[in-house]
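Here the structure is laid out as structure tokens; the discussion comes afterwards.
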Amino acid sequence: MAEEEAQKPAPDDKPAAEKKPEAAAEKKPETAASKAAANKAAGDAVEAILDSEKAPEAPGKTIVRKPKGAKKGWKAVTFAKVYIQSTFNNTMVTITDDRGATLCWASAGGSGFKGTKKGTPFAAQMTAQKAAKRAVELGVKQVTVFVKGPGPGRETAIRALQQAGLQVVSLKDVSPIPHNGCRAPKARRV
41 MAEEEAQKPA
51 PDDKPAAEKK
61 PEAAAEKKPE
71 TAASKAAANK
81 AAGDAVEAIL
91 DSEKAPEAPG
101 KTIVRKPKGA
111 KKGWKAVTFA
121 KVYIQSTFNN
131 TMVTITDDRG
141 ATLCWASAGG
151 SGFKGTKKGT
161 PFAAQMTAQK
171 AAKRAVELGV
181 KQVTVFVKGP
191 GPGRETAIRA
201 LQQAGLQVVS
211 LKDVSPIPHN
221 GCRAPKARRV
């Protein structure tokens, strides 16, 4: 116990409430000129630190930096899965490897179509051709096709895949069908 008492600091003779006014009295009111001088001094200190961190450049040598966003190198994939989502307003084609990692994709909007033209069979054909061309460049030869949605570009997109040089091994409709789930929207009066 005697050791613990020896380690404790000696209490000041003034209570904490009396110390605060002294600290406030010691503070000088800051003026705009003193603030500007303090900011300039801080800025000079930061610049000195940054200058010291820079590496000295060797004469006659140029520094070449690697691009930060280098693309991931894909191995040659011969078999892929094609997901065609065909709605009344747009058609999207995604091509993935057998694990589900996206190899390439295309949409009618990204193929240059705007507005109601995105929902046409021709837009779906051009979209599928664009995605298939990229897939063939990656080495894809055979595909399994999964079609989702009631849009007008379903069959056209599948034909475009075959014309682009992809062999369709199987075809599956994965459109979501409710078992009397949510209430349907009210009928439009046109």
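For the sequence shown, our numbering begins at 41 and goes up steadily by one.
We treat Cβ as the ideally placed atom computed from N, Cα and C, and that holds for glycine.
For I198, the enclosing alpha helix (DSSP H) has its first and last residue at 194-203. Beyond the five residues adjoining it in sequence on each side, P161 comes within less than 6 Å, by CB distance, of P192, G193, T196 in the same chain, given in chain order. Nearest to T136 by alpha-carbon distance, out of I124, N130, F128, N129, is I124. Rounded to whole angstroms, the separation of the alpha carbons of D84 and A141 is 50 Å. DSSP places F186 inside the beta strand (DSSP E), whose first and last residues are 182-188. The C-alpha of A171 lies about 35 Å from the C-alpha of R228. Each of T127, C144, T131, F128 was checked against the Cα of K121, and the nearest Cα belongs to C144.
Sixteen is the threshold: since fewer than 16 other Cβ atoms of the shown chains lie within 10 Å of the Cβ of I217, the residue is exposed. In this structure, K212 sits away from T118, with a CB-CB distance that is not shorter than 8 Å.
Between F186 and G159, the CB-CB gap reaches or exceeds 8 Å. Per DSSP, T127 has no beta bridge partner at all.
If the five residues before and after A164 are omitted, its C-beta is found closer than 6 Å to the C-beta atoms of T131, G193, T196, A197, all from its own chain and listed in chain order.
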